[in-house]
Every structure is written in structure tokens, then in C-alpha cells.
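Inspection log for the structure reproduced underneath, given as C-alpha cells.
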Amino acid sequence: MQRYMQTYNYPTYSNSGYLLKAGILGTIIGGSAALGMNLHKVKNNEMTMEQAITNSLAKGAGAGVATAVGAAAASAVSGGVMSAVVMAGAASSVVYLINSVGSSSSEKVKTVSKQTKQEKQEKTKNV
52 MQRYMQTYNY
62 PTYSNSGYLL
72 KAGILGTIIG
82 GSAALGMNLH
92 KVKNNEMTME
102 QAITNSLAKG
112 AGAGVATAVG
122 AAAASAVSGG
132 VMSAVVMAGA
142 ASSVVYLINS
152 VGSSSSEKVK
162 TVSKQTKQEK
172 QEKTKNV
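Offset between the sequence shown (1-based) and my numbering: plus 51.
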């Protein structure tokens, strides 16, 4: 009497069409959520509508990339709760990385902007 182990083949969704759809969905959801929050800032005169739209598009794009990366990572594991945990971890890591790069870049831009203003003021004083 032999015993046979039954094996399961879990579907993997690493094809580009699936990842593209996941990224588009993430972009739409992330951008919509950001715009919803930014519209409150526009209403309170904390930002312009142009700034709100630009910020929302940027955050939506980041959410789309994070969703696609999360979907790719989740397809590498067997499914169930573990897939959800892997997807959340991968997507969170991408968002963290994007925010880290964005924060350091914006600080550099602010520093250069301050230096440029100071140089203009000094040139004006010297004239």
C-alpha cells in the first residue's frame, strides 16, 4: 500500500499583463485618495488646485509602482494570508523608498533655492 501526497499548483501571476493591471489599479486608488485629502487643503487655502493635482498624480504613480511590485512579490509565495503579508511588505518598502528619495531630493532643492536667493540678494547689494 503506497501513499501518495497530493500536491497543489498555485497560480502565479507574474505575467506582465497582470502586473500592469495591478499597477494601474494602484495608481487610480492611490491618486484618488491623495486628491481627496488634497482637496481639503485647497479648501483651507493651504495649497492651490494645481499643486493638489500635481501632488495627487505623483502619489498615485508611486502607489501604482508599489502595487505592481507587491503583486509580483505576492505571486512568488503559495497564496493565502502569506501572499497578503508579502504584498503589503513589498508595497510598503517601495513607498518607503520613494518617500526617502523624494524627501532627500526636496531638501536638496530647498537648499539650492535658498543659496540662489542669497546669491541674488548679494548681487543686488553689490550693484
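Cβ atoms here follow ideal geometry from the backbone N, Cα and C, with glycine treated the same way.
**Prompt:** At which residue ranges does the segment 64-108 contain complete alpha helix (DSSP H) runs of 4 or more residues, listed in the order of the chain?
**Reply:** 67-94
**Asked** If you check the beta carbons only, do V116 and G77 fall under 9 angstroms apart?
**Response** yes
**Prompt:** Nearest to L70 by alpha carbon, out of V152, M133, N96 and T118?
**Reply:** T118
**Message:** Going by beta-carbon coordinates alone, are A139 and G121 separated by less than 9 angstroms?
**Reply:** yes
**Prompt:** Which of helix, strand or coil does DSSP assign to V120?
**Reply:** helix
**Sub-9 angstroms separation of A109 and A125 beta-carbons** = Taking 9 angstroms as the cut-off, the beta carbon of A109 is found no closer than this to the beta carbon of A125.
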